[in-house]
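In full-length UniProt numbering, the protein residues as written are 1 to 208. Built from N, CA and C at the ideal position, the CB exists for glycine as well. Have a look at the structure below before the remarks.
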């Protein structure tokens with residue numbers, strides 16, 4: 001999510017700004033927002049703090065350490081999300097989770113997790129620079145996502161509190177329903193521009 005070549009550090013007394021991976025598609029996003037369509041809207045949630053956590057879900061010390069760091073207990077049921085005030089935890093596998101901040105913030109999550117885990121047999125890795133989060137919403141949002149995603153998106157199958165790993169056309173995604181008509185999608189930085197353009201292209205017949 002952060003451009004690693006343009007960090008938010010002072011260089012020769014000048015603070016360089018953070019840059020979204022969707023900077024090249026910003027005009028398209030702005031045009032979509034300007035339509036104020038009830039059918040479909042797309043916006044980026046930039047600069048969320050993201051970390052990949054690996055550990056043994058049967059290890060009570062590990063579970064307690066992560067909960068102490070982020071304020072929410074890691075989910076152990078497949079494809080579910082545990083929500084907290086500052087961080088959410090997404091189940092990715094039996095020993096793997098994606099932790100993300102609920103709001104944009106400086107990258108501090110990895111440090112907090114590493115300090116909490118100490119010498120436990122576990123890992124926490126900052127992945128914020130490699131991903132971004134996009135919010136898709138509207139009355140027809142499931143139709144737009146279904147054009148490029150093979151998952152069953154029926155609200156009785158995929159609903160808030162769940163998450164799923166899949167792809168949208170050629171871009172791998174983590175899909176997170178947040179409401180009946182709203183989803184968040186975690187997208188790799190290298191596919192972010194492609195993802196944004198192809199999703200808006202898929203939505204064009206629906207919102208026009």
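Residue interval of the beta strand (DSSP E) (run including residue i)
{"i": "residue 44", "result": "41-45"}
{"i": "residue 100", "result": "96-104"}
{"i": "residue 152", "result": "It is not in any beta strand (DSSP E) - residue 152 carries neither H nor E in the DSSP assignment."}
{"i": "residue 93", "result": "87-93"}
{"i": "residue 57", "result": "Counting along the chain, residue 57 falls outside any beta strand (DSSP E), and DSSP gives it neither H nor E."}
Residue i, buried or exposed, once every other Cβ within 10 Å from all chains shown has been counted against 16
{"i": "residue 51", "result": "buried"}
{"i": "residue 128", "result": "buried"}
{"i": "residue 190", "result": "exposed"}
{"i": "residue 110", "result": "buried"}
{"i": "residue 24", "result": "exposed"}
{"i": "residue 121", "result": "exposed"}
{"i": "residue 86", "result": "exposed"}
{"i": "residue 119", "result": "exposed"}
{"i": "residue 20", "result": "buried"}
{"i": "residue 132", "result": "buried"}
{"i": "residue 171", "result": "buried"}
{"i": "residue 113", "result": "buried"}
Under the three-state DSSP convention, the category residue i falls into
{"i": "residue 191", "result": "helix"}
{"i": "residue 73", "result": "coil"}
{"i": "residue 172", "result": "strand"}
{"i": "residue 130", "result": "helix"}
{"i": "residue 23", "result": "helix"}
{"i": "residue 165", "result": "strand"}
{"i": "residue 157", "result": "coil"}
{"i": "residue 123", "result": "strand"}
{"i": "residue 201", "result": "helix"}
{"i": "residue 207", "result": "helix"}
{"i": "residue 48", "result": "strand"}
{"i": "residue 18", "result": "coil"}
{"i": "residue 37", "result": "coil"}
Start-to-end residues for the alpha helix (DSSP H) that takes in residue i
{"i": "residue 67", "result": "60-70"}
{"i": "residue 109", "result": "109-117"}
{"i": "residue 141", "result": "141-146"}
Supposed contact pair residue j and residue i - C-beta distance, whole angstroms, cut 8 Å
{"i": "residue 70", "j": "residue 99", "result": "6 Å"}
{"i": "residue 134", "j": "residue 200", "result": "No, residue 134 and residue 200 are not in contact; Cβ-Cβ is about 11 Å, not under 8 Å."}
{"i": "residue 163", "j": "residue 173", "result": "Their Cβ separation, rounded to whole angstroms, is 10 Å, which puts residue 163 and residue 173 out of contact at 8 Å."}
{"i": "residue 181", "j": "residue 148", "result": "With 8 Å as the limit, residue 181 and residue 148 do not qualify as a contact, their Cβ atoms being about 18 Å apart."}
{"i": "residue 123", "j": "residue 54", "result": "5 Å"}
{"i": "residue 58", "j": "residue 72", "result": "19 Å between Cβ atoms; not a contact."}
{"i": "residue 136", "j": "residue 185", "result": "6 Å"}
Any non-hydrogen atom of the ligand PLP closer than 7 Å to residue i Cβ
{"i": "residue 46", "result": "Judged by which ligands are present, the structure shown has none, so any question about the ligand PLP falls away."}
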